[in-house]
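Okay, structure first, notes after.
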Amino acid sequence: MVDHLLHRFTLPNGLRVVLAPDRAAPVVGVSVHYDVGFRSEPEGRTGFAHLFEHLMFQGSESLEKLAHFRHIQSSGGTFNGSTHPDYTDYHILLPSAGLERALFLEADRMRAPRITEENLRNQVDVVKEEIRLNVLNRPYGGFPWITLPPVLYRTFANAHNGYGDFTDLEQATVEDCAAFFDTYYAPSNAVLTIAGDLDVDHARELVERHFGDVPARPTPVRPSFAEPAPTEERRGEHEDPHAPLPAFAAGYRLPDPHADLDAYLAHLVLSGVLADGDSSRLTQRLVHAEPLAIEVGCRCGLFTPLDARDPDTFLITVVHPQGVDQEILLAAIDEELERLAVEGPGEDEVTRVVARWAASLHREHDRLMSRTLQLGAFELLFGRAELAAELPERLGAVGPSDVAAAAKALRPESRAVLTVRPGSAANDDTDGGGQ
Amino acid sequence: MTGQNVESPRRRTAEEIGSTDRGPRPLPGLGTARFAEQPPRIDTMLPNGLRLVAVRQPTVPMVELRLRLPFAGTEREHAARAELLAATLLTGTTRRDRVAMDTDLAMVGADLGAGVDPERLSIAGNALASGLDEFLDVFADAVTGAAYRDHEVDRERDRLVERIGVARSQPGTIAREALQRRRFGDHPLARELPSTEAVRAVDADQVRALHDQLVRPSGGVLVMVGDLDLDAVADQVGERLAGWRPGPATGGLPEVPRIEGGDVLLVDRPGAVQSQIRLSGQAIPRHHPDYPALQLANLVFGGYFSSRLVENIREDKGYTYSAHSTFEFTGDTAGILCEADTASGVTAAALLEIRYELSRMAVAPIAEAEVTAARDYLIGLLLISTASQSGLAANLQNLATAGVSLDWLREHPERLRAVTVEQVSEAARRYLAPTNFTGVVVGDAAVLGEPLRALGDVVLP
């Protein structure tokens, strides 16, 4: 990994800042990570963190509605935001001549967003369209990130749907928004990251100029989302009217990435040994040798690895033909895990998985927006932006016995299994197209 | 919302949050633009007729590789054979079985995949730069020695049938297939996804024969970007691919029919909660003199977030999560495709607004500020999209396969700056008038039928 020196400082209002200069291309990435995600939203307000993310784009004291998008794009840049279990990020990628403008835009909405009834109702409609697009109107929508957690977890924070129920979204009020902003969007609850074509002294001066007078507010106390791991297998079912084939997800608990990163990384290697590429164990056996499945996937995290604090989920997903018994597939998974727990993977197997992870980390690093977001997320979640550069080496230190230990922890009695039952609508669509 | 964790003196209202004592502040100007340096590049024809484009951009110790070969066919069975070929191309060679292909790739951190469309076969991947030799060895092994063993072809055929079933349950795929038939009729472009019957009928011999016929270097372009030694790479690739011989035929695409404007076809998807609106009109390729003006006009209409269409049907009316309008380059021509997914209850209204915005582009003035914003966005995007190895490789591959000079990227900002507002208006008049567009709406006809009938210019089922 290209090792660019990181610079960090904290403003008097508590805003943490990470600078990662790299002048290879005249482009700069800016992100703000707020330490609040959908695990923090209260009962009766599912989907609120994500809805609020949309509202942060709707204007602020110095910026009319639509101005944010227009100023970034007419500066040659792109933008987005995303809501995760433990944080919400806002990001801008643009030619470096626009750096001050990007900082101005982020600072203005951190200081004084304009939240109006009209914009709230408009964005509730937009978010409902987003949910129809990504969940309600497609096969396997929300599988497994929405459908598995209520089976694996018991507390509202961990189990609920982060996209939200329509009734909850419709009941959101401007007062809710004001309280949410005041509570969670304090500068001391955020990390600002700037990576790419920047001069450290100049960037620091710009940060102080634009963010320095964002008033300090109390930092919210972050609750623990810890809950006990299952002690007996949990099962759940979801009927998917659009799905043409049955599928299931098996979810296990991961080690706390903050307290025991190496154990977490052993699970990351295990996920590759199980299902990354044609030479991986579950793919070879279930997709090609026996063959019982159409697709097998395995990953750490509901979305991507190292993207959430504890508790986090180790996932195995399988899509299989009608007529293949799910229990046979689960038994095969258990057998492979048992074999790995007893014999461990080969040295070569681990080397291969680690090489592929190193390559994918390099590629992520090469895309400046991904790099900026990774630095910000690691700083926010683990207090260690450096992790981005250290990961290849940390992964390289994982050995076969670590992977065996990880496999040993994945017991049937410690998991949840969510079964997707294909509904009736799907069968009409199959092969509905022409030649 | 209670926020019980924080001791706050008093809750502020939304109005209080939205203003400060100092009041609104002025937007800072832009700093001095730094221009990207052009990374060193070679562009050469290998003895077997393969064009090699290689760029040294060592931002990370990786190499991106992208091969595209002309791969069109006119026979009805072509799509099914081509799809099965792409699914089995990397499942073993005379020297390696399926697992060995993957283990050898993984040892050097590499991934390699194959895909096909009605026009081309693509093989793309990446590897740690330190493993380039091994990576090229596996890549060359596949293109020159893919074995298509019977059991691999049998297995992949079954999986492909299942995967096509899954794809056809996606509303996006249903809409895409309907649109392709609507605008291209029976042309091979309308066969992006074969029928499952056609796939079931393909045997391993047919796949091998297709490989022998069309997996040939002539007319192909290989793009490599990354931590490369440009003095050595042509020889290195040439040596690895020495056994890859030119073939007699090339898979050129039959002439692409013009997209003719016409009524929108309503395709019924009973019970759907959201509809897919897909409109398309004839456009022009990159080398056409009017292209920069039309590119800007399309952006102003619906090509980016700050466009009239997005500001209207998303940010004002909340009809959609995303609406956009893009160029699609096929053969030596191009189309414009405008897409939006909307709830059933507002689909007719959304179609009305799309037609309204197209009409407005065609007959009403376009502001200087709109053109300037679109131009500055595009110029910035060129910088951003070529800053990564994968982004640069994709850009170069698109230009090279379209037969456009690779300097196009460097020259394009100047071309955009030269475009006047009048030229943008003229391009919009010529290409964006709603009468130039045809298309489909996929959704629940029981809900959509009446309002679409009232709107007009829609063919109901």
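Chains as they are written, first to last, in this note's numbering: chain A, 1 to 435; chain B, 1001 to 1461.
Ideal Cβ positions, reconstructed from N, Cα and C, are used throughout, including at glycine.
Margin query: Please list, in chain order, the residues of the stretch 1386–1398 of chain B that have any C-beta partner in chain A closer than 7 Å.
Written below: A1387, S1388, Q1389, S1390
query = Taking Cβ to Cβ, would you say G272/A is nearer than 8 Å to D168/A?
reply = no
### L391/A vs D86/A beta-carbon contact at 8 Å
no
TODO: Just the chain A side, please: which residues come within less than 7 Å of P1292/B by C-beta, in chain order?
DONE: Under the 7 Å cutoff, chain A gives no residues; its nearest Cβ is about 16 Å from P1292/B.
_If we define contact as Cβ-Cβ less than 8 Å, is L340/A a contact residue for chain B?_
no
### Message
Cβ closer than 7 Å: which chain A residues qualify as neighbours of I1384/B?
### Response
V27, T78, L93
*May I ask you to verify whether the stretch 1149–1167 of chain B touches the stretch 1244–1260 of chain B, counting CB pairs closer than 8 Å and requiring at least 3?*
no
* Asked: Using the C-alpha atoms, what's the distance from P1188/B back to A1445/B?
  -> 29 Å
key: Cα-Cα separation between D1150/B and D1205/B, rounded to whole angstroms   = 9 Å
Report yes or no: is there a C-beta of chain B within less than 8 Å of the C-beta of P291/A? yes
ask   = Secondary structure at D86/A, three-state DSSP: helix, strand or coil?
value = coil
Would a check of beta-carbon distances place S74/A closer than 8 Å to chain B?
yes
Next on the checklist: Once DSSP output is grouped into helix, strand and coil, what is the label at T351/A?
Outcome noted: helix
| With M56/A and R132/A assumed to form a contact (beta carbons below 8 Å), what rounded beta-carbon distance in angstroms separates them? | That pair is no contact at about 22 Å.
Sequence-distant residues of the same chain with beta carbon closer than 6 Å to K408/A, five excluded per side: A341
Any idea what DSSP makes of V1233/B, helix, strand or coil? helix
Pull up the DSSP beta-bridge partners for I1042/B, would you. A1054/B
> Roughly how many angstroms separate the alpha carbons of R70/A and V1215/B, rounded to a whole number?
Replying inline: 46 Å
- Are the C-beta of R1306/B and some C-beta of chain A separated by less than 8 Å? Before going further, note that residue 1306/B is Ser rather than Arg in the sequence given. It does: the Cβ of S1306/B has a partner Cβ on chain A nearer than 8 Å.
Please work out which residues of its chain come closer than 6 Å, Cβ to Cβ, to Q975/B, disregarding the five sequence neighbours upstream and downstream, and give them in chain order.
In the structure displayed, chain B extends from 1001 to 1461; residue 975/B sits before or after that span and is not available.
Practice prompt. Go through its chain and collect everything with a Cβ distance to E413/A's Cβ below 8 Å, but skip five positions before and after it.
Written response: P230, T231, E232, E233
- prompt: Are L1112/B and L1105/B close, meaning C-beta to C-beta below 8 Å?
  reply: yes
Could you tell me whether the Cβ of T351/A comes closer than 8 Å to any Cβ of chain B?
yes
I need the boundaries of the alpha helix (DSSP H) containing M1101/B, first residue and last residue. 1098–1107
**Report entry** Separation of V124/A from S116/A, as counted between CA atoms
**Finding:** At residue 116/A the sequence reads Thr, which differs from the Ser that was named. Answer to the nearest angstrom: the Cα atoms are 12 Å apart.
Taking 8 Å as the threshold (beta carbon to beta carbon), is E1311/B in contact with chain A? yes
Check: From what residue to what residue does the alpha helix (DSSP H) around R367/A run?
Finding: Segment: none, R367/A is in no alpha helix (DSSP H) and carries neither H nor E.
So the beta strand (DSSP E) S271/A belongs to, where does it begin and stop? No beta strand (DSSP E) contains S271/A, which is instead part of the alpha helix (DSSP H) from 261–275.
Exercise for the section: Within the same chain, show all residues whose beta-carbon is closer than 6 Å to that of S62/A, passing over the 5 residues directly before and after it, in chain order. Expected result: D108
For a cutoff of 8 Å on Cβ pairs, would you count G1113/B as touching chain A?
no
Going along chain B, which residues have a C-beta under 7 Å from G277/A? D1102, A1106
V1166/B lies in the alpha helix (DSSP H); which residues open and close that run?
1150–1167
Report the three-state DSSP secondary structure of M56/A (helix, strand or coil).
coil
For this session: Drop a sphere of 10 angstroms on the beta-carbon of T173/A, count the other beta-carbons inside from all chains shown, and report buried for 16 or more, exposed for fewer.
Result: exposed
> Between the stretch 1044–1077 of chain B and chain A, which residues of the former have CB atoms less than 7 Å from a CB of the latter, in chain order?
Replying inline: T1059, V1060, P1061, M1062, R1076
Per the contact definition of three or more C-beta pairs closer than 8 Å, is the stretch 202–220 of chain A in contact with the stretch 93–103 of chain A?
-> yes
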